[in-house]
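Residue numbering for the sequence shown follows my numbering, beginning at 48 and increasing consecutively.
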Amino acid sequence: MYTVQSFSSLIESNHSNLTNTSRSLLNGLKLLHDNKWYICGGLALNEGQYPHKLINSSPDDVDFQILAEAAMLLTQESVEQPLAITIGFPYSSFHINREKAINFLKKTHIIEFDGSTYSSSGKKTVVLDVQQVDVIPEIVGCTIAIRKSDPPVSGSFFVLSCGFGTFESILSTDSGIIEQSMVSTHGIKYAVNIMLNELKKHYYLEFRNAHLLDDAFQKGYIYLNRKNVDLRELRKAAIQVYYDEVISPNLRSVITDANLMKTNRVYLCGGGMYYQDLLDCFQHEFGEIAQLEVVANPESLASKGYALNSLRISQGKRKSAIGIDIGNATTVVTNFNDENV
Numbered sequence: 048m049y050t051v052q053s054f055s056s057l058i059e060s061n062h063s064n065l066t067n068t069s070r071s072l073l074n075g076l077k078l079l080h081d082n083k084w085y086i087c088g089g090l091a092l093n094e095g096q097y098p099h100k101l102i103n104s105s106p107d108d109v110d111f112q113i114l115a116e117a118a119m120l121l122t123q124e125s126v127e128q129p130l131a132i133t134i135g136f137p138y139s140s141f142h143i144n145r146e147k148a149i150n151f152l153k154k155t156h157i158i159e160f161d162g163s164t165y166s167s168s169g170k171k172t173v174v175l176d177v178q179q180v181d182v183i184p185e186i187v188g189c190t191i192a193i194r195k196s197d198p199p200v201s202g203s204f205f206v207l208s209c210g211f212g213t214f215e216s217i218l219s220t221d222s223g224i225i226e227q228s229m230v231s232t233h234g235i236k237y238a239v240n241i242m243l244n245e246l247k248k249h250y251y252l253e254f255r256n257a258h259l260l261d262d263a264f265q266k267g268y269i270y271l272n273r274k275n276v277d278l279r280e281l282r283k284a285a286i287q288v289y290y291d292e293v294i295s296p297n298l299r300s301v302i303t304d305a306n307l308m309k310t311n312r313v314y315l316c317g318g319g320m321y322y323q324d325l326l327d328c329f330q331h332e333f334g335e336i337a338q339l340e341v342v343a344n345p346e347s348l349a350s351k352g353y354a355l356n357s358l359r360i361s362q363g364k365r366k367s368a369i370g371i372d373i374g375n376a377t378t379v380v381t382n383f384n385d386e387n388v
């Protein structure tokens with residue numbers, strides 16, 4: 048039903064000749080933007096010096112614009128124009144960025160990219176006409192995907208989403224969302240920074256930042272001074288501090304006795320839910336009072352919800368509907384791979 052593609056949200060300006068450095072467009076994204084060449088995704092991780100991304104960037108920012116166009120580019124061969132696109136923002140920045148995002152996306156995009164990174168072709172151009180755009184809170188996108196999953200989910204439930212930049216919560220009912228249950232605060236980057244600061248006490252980390260340390264945080268080890276440093280205990284401690292200082296205090300106003308009387312179902316999503324140490328924290332606090340469930344492929348749930356919303360605004364044109372989640376660690380683009388119904 049879905050085609051889901053994801054790549055690192057890191058970008059860097061690069062005018063080098065990177066011929067045949069990748070096996071596919073997904074891993075060889077090099078775009079021309081305002082007369083400057085930028086690499087992003089896996090290519091930026093492999094070939095960049097200090098790739099970066101602003102946390103919760105605005106549609107006015109270069110990184111947001113490049114990542115959005117890269118995501119659109121990846122769907123070029125499987126969609127029908129004109130396109131309908133939905134993207135999202137954390138609830139805390141949703142209202143500020145909504146009109147800006149619509150203004151940037153709703154137009155004809157002339158995307159120039161370097162095809163020589165993965166093939167024998169050179170500079171190429173793709174024209175994509177975007178006629179319908181919607182912008183919704185990330186957590187609402189997650190809720191849409193849960194309700195329209197297979198099998199569909201009805202009734203009331205909590206959704207807790209932990210990404211790199213943001214942790215969010217919501218209580219969803221059949222009649223809508225409950226506003227007072229919405230929380231938007233620090234994501235797993237908070238824990239990565241704790242680990243980063245601990246490592247700095249013992250190692251010279253050059254110019255590594257939280258983005259560049261995220262990969263090591265996931266793997267549980269890092270090479271420093273030609274030594275393999277085990278990070279698992281340090282990561283566990285950092286996640287516990289993050290949970291105790293950020294997540295648990297914020298959820299006290301959300302998972303209350305009154306709200307638990309409405310439902311005790313809790314769906315966990317976002318890339319942070321891949322960390323068993325974090326799941327253990329949720330289980331320890333809520334395991335006896337709530338039904339906790341980690342959704343399948345938690346990192347792509349929001350993007351699927353956006354695609355489903357695009358299907359609605361396009362009046363059911365499945366080949367035209369796209370969902371783009373420009374995450375702080377990973378950008379995910381989703382479209383439908385089945386025919387119009």
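We put the CB at the ideal spot given by N, CA and C, even for glycine. This one's a predicted model, so the numbers in the text were calculated from it and none came from an experiment.
Determine the direct distance from the alpha carbon of E280 to that of N82, and round the result to whole angstroms.
Working through the sequence shown from its first residue, we reach residue 82 at position 35. Working through the sequence shown from its first residue, we reach residue 280 at position 233. The straight-line gap from Cα to Cα measures roughly 46 Å.
Contacts around I193, its chain only, beta-carbon distance under 6 Å, and the 5 residues preceding and following it disregarded:
Position 146 of the sequence shown, counting from 1, holds the residue named residue 193. Here the set comprises V200, Y314.
Could you please give me the residues that DSSP links to Y268 through a beta bridge?
Residue numbering aside, residue 268 sits at position 221 when the sequence shown is read from its first letter. D277.
Range of the contiguous alpha helix (DSSP H) that encloses P296
Residue 296 sits at position 249 when you count from the first residue of the sequence shown. From DSSP, the alpha helix (DSSP H) with P296 extends over 295-298.
Taking 8 Å as the threshold, find out whether the region 115-130 comes into contact with the region 175-185 through three or more Cβ pairs.
yes
Cutting at 7 Å between CB atoms, please list the residues of its own chain near S231, excluding the five before and the five after it.
Numbered from 1 along the sequence shown, position 184 holds the residue referred to as residue 231. Counting only Cβ-Cβ distances below 7 Å, and skipping sequence neighbours, we find P137, Y138, S139, T213, E215.
Measuring alpha carbon to alpha carbon, tell me which residue in Y322, P345, Q52 is nearest G188.
As a first step, residue 188 must be located in the sequence shown, where it is residue number 141. When each option's Cα is compared against that of G188, the closest is P345.
To the nearest angstrom, how far is the alpha carbon of V276 from that of L246?
Translated into positions along the sequence shown, residue 276 becomes position 229. Translated into positions along the sequence shown, residue 246 becomes position 199. C-alpha separation (whole angstroms): 10 Å.
Please classify Q112: does DSSP put it in a helix, a strand, or coil?
The residue labelled residue 112 in the question sits at position 65 within the sequence shown. The answer is helix: DSSP assigns Q112 an H, G or I state.
Considering only residues of the same chain and omitting the five flanking positions on each side of Q123, which have a CB-CB separation below 6 Å?
The residue labelled residue 123 in the question sits at position 76 within the sequence shown. Answer for Q123: V173, listed in chain order.
Where N61 sits in the DSSP three-state scheme:
Taking the sequence shown and counting its residues from 1, the one referred to as residue 61 is at position 14. The answer is coil: DSSP assigns N61 none of H, G, I, E or B.
By the three-class DSSP mapping on this structure, what secondary structure does R312 have?
In the sequence shown, residue 312 corresponds to position 265, counting from 1. It is a strand residue.
What is the DSSP secondary structure of G317, counted as helix, strand or coil?
Against the sequence shown, residue 317 aligns to sequence position 270. DSSP places G317 in coil when its eight states are reduced to three.
Quick one: is T377 buried, meaning 16 or more other Cβ sit within 10 Å of its Cβ, or exposed?
Within the sequence shown, numbered from 1, the residue matching residue 377 stands at position 330. Answer is buried; the Cβ neighbour count reaches 16.
Per DSSP, the bridge partner or partners of I134
Translated into positions along the sequence shown, residue 134 becomes position 87. Answer is V182, I371.
Name the residue from A115, S53, G210 whose alpha carbon lies nearest to the alpha carbon of N375.
Working through the sequence shown from its first residue, we reach residue 375 at position 328. With distances taken between Cα atoms, N375 lies closest to G210.
Return yes when the Cβ of G75 is within less than 9 Å of the Cβ of T164, no when it is not.
Here residue 164 refers to the residue found at position 117 when the sequence shown is read from its first residue. Here residue 75 refers to the residue found at position 28 when the sequence shown is read from its first residue. The answer is yes: Cβ separation under 9 Å.
Own chain partners of F383 with C-beta closer than 8 Å, once the 5 adjacent residues on each side are dropped:
If you number the sequence shown from 1, residue 383 lands on position 336. Around F383: M48, Y49, T50, A354, L358, R365, K366, A368.
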